[in-house]
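First comes the structure, then the notes that go with it.
In this note's numbering, the protein residues as written are -17 to 306.
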């Protein structure tokens, strides 16, 4: 029971370190401080009243943190290749965004076990696991990397950075806020942050002036797009050439898609344990095909598209949607 309580606590607390709008603020946290929400979670649990609350319930806070970090035999349940968090957020995200996916998490969980201290799923649940991975694969272009989400995210990120640059907000304050507190702070900060919030409220998002494929972008330009510092230089250059004010053109290059679940382990009928990508041609195919979804965008206000488009296209070449 003691171990079960620790696992439950870890499952409930593992995302405590997320700031408002989770991955938007985490990107800022990583760029400015070089750390992640997992590290923030650890600090919160071990240096706040949560530590005492857990201890009073007979739950070791250090062991809870270890589980959150994926340590030990049971850490894979919380932070593994096919953990409960992935199953939960896939179904939750799909539900709240209206994306239709089919996953049988209950089937997968019922067929989980440990072999030599490694978390495995039995081969009888392989189809259910493939379904989960397929859902994640399809959610990437249809939700997580959809241009509408990316544009809104960039607008919000630039609003936050502008407020921080002008001393309306610190990183420490940002990480302690919820979504509503952050929006309220931004609306009472700089004129730029107010403008971005107003545009987001009325859904007047920056539009795509260019869409390209990282996979097909060769040579030094392709390498530069993957380098944050050089990417910023490209963004500044495009902004200047287009005659736009600073922060009114966004070069958005998301991190490469990684199907981490492909490393999940399957226990075959002969008791041999293999990676799911080794026993499923579907998963193996998805692992390679996911790079087809690795796009980048240049966003700008709608009224400037006719001006920005030709300049950006001249810089990068043929657009992805024009590639045969």
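By construction, the Cβ of each residue, glycine as well, lies at the ideal position given by its N, Cα and C atoms.
It should be emphasised that the depicted structure is a prediction, and the values quoted were computed from it without experimental measurement.
How far does the alpha helix (DSSP H) with residue 104 in it reach, from first residue to last? Taken as a continuous stretch (DSSP letters only), residue 104 belongs to no alpha helix (DSSP H), being part of the beta strand (DSSP E) at 100 to 104.
Can we count residue 8 as close to the ligand GTP, meaning its CB is less than 8 Å from some heavy atom? The model depicted lacks the ligand GTP and carries no ligand whatsoever.
In the structure shown, what three-state DSSP assignment does residue 3 receive? coil
Would you call residue 185 buried or exposed, if buried means 16 or more other Cβ atoms sit within 10 Å of its Cβ? exposed
Please list, in chain order, all residues of the same chain as residue 33 whose beta carbon is under 8 Å from its beta carbon, the five residues on each side excluded. 27 and 43.
Taking the alpha-carbon positions, what's the residue 137 to residue 119 distance? 26 Å
With DSSP as the reference, identify every bridge partner of residue 233, one or two as the case may be. 280
What does DSSP give as the partner residues of residue 194 in its beta bridges? 278
In its own chain, which residues sit with a C-beta less than 6 Å from the C-beta of residue 274, not counting the 5 before and 5 after it? Nothing meets the Cβ criterion.
Environment of residue 2 [buried if 16+ CB atoms lie within 10 Å]: buried
Could you tell me which of 126, 41 and 280 sits nearest to residue 231, measuring between CA atoms? 280
Do the CB positions of residue 46 and residue -9 come within less than 9 Å of each other? yes
My output table needs one value for residue 188: the three-state DSSP class, helix, strand or coil. coil
Quick one: any contact between the region 240 to 257 and the region 104 to 112, if contact means 3 or more CB pairs under 8 Å? Taking one beta carbon from each stretch, the region 240 to 257 and the region 104 to 112 have 3 or more pairs nearer than 8 Å; the two touch.
Close beta carbons around residue 165, own chain, < 7 Å, minus the five adjacent residues each side: Result list for residue 165: 179, in chain order.
Thinking C-beta only, is residue 233 closer than 9 Å to residue 188? no
Per-residue DSSP class, three states only, for residue 127: coil
Determine the burial state of residue 298: buried for a count of at least 16 other Cβ atoms within 10 Å of its Cβ, exposed for fewer. buried
Taking DSSP's pairing of strands, which residues face residue 255 in a bridge? Bridge partners of residue 255: 249.
Suppose the cutoff is 6 Å on Cβ atoms and the five residues either side in sequence are ignored; what does the same chain contact list for residue 133 look like? 187, 188 and 281
I need the boundaries of the beta strand (DSSP E) containing residue 94, first residue and last residue. Note, residue 94: beta strand (DSSP E), 94 to 97.
So for residue 305, helix, strand or coil by DSSP? Below a pLDDT of 50, predicted positions are generally treated as unreliable, and residue 305, at 39, falls in that range; no measurement from the model is reported.
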